[in-house]
Amino acid sequence: VWLPAIGVARVSAWIGTYALSGVTIVAAGAVLLLLRRRYALPAVIANSGAITALSALWTDAPDAAPGAPLVRVVQPDIGQEDRSESDGERVLSALEKLSGKPGAQPRLVVWPEGVVRDYLEDGYPFYAYDWSSPLYLRRRIARLLGPQDILLTGGTALEFDREDRISGAANSVFALDGQARLRGRYDKAHLVPYGEYLPMPWLLKPLGLARLVPGDIDFTSGEGPGNLTLPGFGTIGMQICYEIIFSGQVVDRAHRPRLLFNPSNDAWFGTWGPPQHLAQARMRAIEEGLPIVRATPTGISAIIGADGRLIATVPHETAGAIERPLPPALVPTLFSRIGNAMAAVVAGLLLAMAVALRRRAR
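Under my numbering, the sequence shown is numbered contiguously, ending at residue 367.
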């Protein structure tokens with residue numbers, strides 16, 4: 006709600022989004038009391054003064070340094086109906102056309118979640134591969150990259166039992182270089198219940214309940230928040246899809262990354278979901294003082310500065326790409342150090358105010 010007044014939204018770098026929500030409730034309640042009772046005026050002044058003071062302490066994120074690596078975000082405008090197994094070649098061709106050409110500066114090319122139909126890893130039983138071998142697919146992608154470039158893409162990793170039957174899957178991000186080598190993999194840690202797995206299957210399956218998303222195999226979670234360390238680009242935090250919405254849970258505190266990558270498939274959510282998801286990502290950027298790069302199949306893809314401003318976007322339901330110098334991070338914010346501790350303080354204040362007003366009403 007505060008992003009249009011971004012100075013107020015940036016208060017979350019100090020206290021977090023949850024605490025800012027509590028402060029907003031206090032401010033709204035104080036205004037109501039002011040209309041009814043004179044003694045609420047000091048509360049309104051104090052609350053407004055605190056927000057103004059914290060906003061004034063904010064420093065805008067600096068521009069990227071000269072010669073900084075480039076980040077290129079690809080949005081192919083591929084909807085859910087366009088991603089059947091028979092559409093793999095067409096989808097890959099659309100991604101290739103938008104991925105640009107290598108240049109003198111290193112490029113981090115990012116593709117969305119859910120657009121690479123086949124598997125990138127070797128070693129699976131032959132029946133697992135749909136329309137291409139993993140080596141062919143990696144080499145084809147590598148042709149888009151220069152020797153200093155890295156490509157990040159969403160994909161799926163499979164697990165097998167001793168009889169080579171598929172026993173599990175992971176929603177993953179893969180890093181590839183210009184020599185067709187896999188440079189790392191991150192497995193989504195915060196899975197969506199009823200979408201990526203069925204909770205309490207021992208209870209719900211006998212009742213006839215199943216996942217809302219088609220598929221017979223539940224995803225398994227990885228360890229997170231997680232990073233990939235990439236040559237030429239440093240440590241990059243990974244947050245797949247709705248992992249980015251959880252305040253205070255998007256960064257590995259012991260190994261702070263230089264930016265966050267948020268591949269997502271927002272094509273599930275029509276026109277109302279993508280703006281909300283983008284707003285959540287912007288709030289995480291402000292809280293952590295880190296730039297965020299979002300890549301989605303249908304939008305809204307974006308490069309977000311560490312201060313929450315939108316550096317560049319690809320509109321919803323538009324095929325396109327954006328390329329900018331990699332935005333710098335800010336120094337660690339107070340929120341990045343203490344997390345949602347201030348939310349507990351604000352919650353305590355709200356409870357105390359409720360008790361006090363209740364007693365006064367008597």
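Each residue gets a CB set at the ideal place from its N, CA and C atoms; glycine is no exception.
Being a predicted model, the structure only gives us computed values, none of them experimental.
In the three-state reduction of the DSSP assignment, Ala73 falls in the coil class. A distance of 9 Å or more separates the beta carbons of Ala215 and Ala185. By the C-beta criterion, the stretch 73 to 85 is judged to be in contact with the stretch 111 to 120, since at least 3 inter-stretch pairs fall below 8 Å. Residue burial annotation: Leu142 is buried, with at least 16 other C-beta atoms found within 10 angstroms of its C-beta. When beta bridges are read from the DSSP output, Gln80 appears opposite Gly325. Here Leu265 is buried, its C-beta having at least 16 other C-beta atoms within 10 Å. Put simply, the backbone Cα of Asp182 is about 23 Å away from that of Arg261.
Taking 9 Å as the cut-off, the beta carbon of Ala284 is found no closer than this to the beta carbon of Ile297. Three or more beta-carbon pairs separated by less than 8 Å are not found between the stretch 322 to 329 and the stretch 24 to 32, which leaves the two stretches without contact. The stretch 91 to 156 contains, as complete alpha helix (DSSP H) runs of 4+ residues, the segments 93 to 103 and 139 to 147 (chain order). A distance of 9 Å or more separates the beta carbons of Pro279 and Ile308. Scanning its chain for C-beta atoms nearer than 8 Å, with the 5 sequence neighbours on each side dropped, one finds around Ala352 the residues Gly27, in chain order. By alpha-carbon distance to Arg145, the top candidate from Gln281, Ser98 and His321 is Ser98. The alpha-carbon of Arg170 is positioned some 10 Å away from that of Leu163. Take the alpha-carbon of Leu157 and the one of Phe179: they are about 6 Å apart. DSSP places Pro268 in the strand class (E or B) of the three-state scheme. Using a 10 angstroms sphere on the CB of Arg299, the tally of other CB atoms reaches 16 or more, which defines it as buried.
Between Gly93 and Ala272, the C-beta gap is not smaller than 9 Å, which leaves the two residues out of contact.
Going by DSSP, Leu283 is part of the alpha helix (DSSP H) stretching over Gly278 to Glu293. DSSP places Ser17 in the helix class (H, G or I) of the three-state scheme. Inter-segment contact for the stretch 126 to 135 and the stretch 100 to 108 is absent: fewer than three beta-carbon pairs are separated by less than 8 Å. Note: Arg299 is bridge-paired with Asn267 and Ala307 in the DSSP secondary-structure output. Excluding five sequence positions before and after Pro320, the CB atoms of its chain that fall closer than 8 Å to its own CB belong to Gly304 and Ile305, given in chain order. Burial check for Arg365: the Cβ neighbour count within 10 Å stays below 16, so the residue is exposed. When only Cα atoms are considered, Phe224 and Leu149 end up about 30 Å apart. The shortest C-alpha to C-alpha distance from Pro81 to any of Glu118, Glu168, Arg314 and Gly313 is the one to Glu118.
Beta-bridge partners of Ser177 (DSSP): Gly160 and Asp192. Between Leu335 and Gly275, the beta carbon gap of about 34 Å keeps them out of contact (Cβ cut-off 8 Å).
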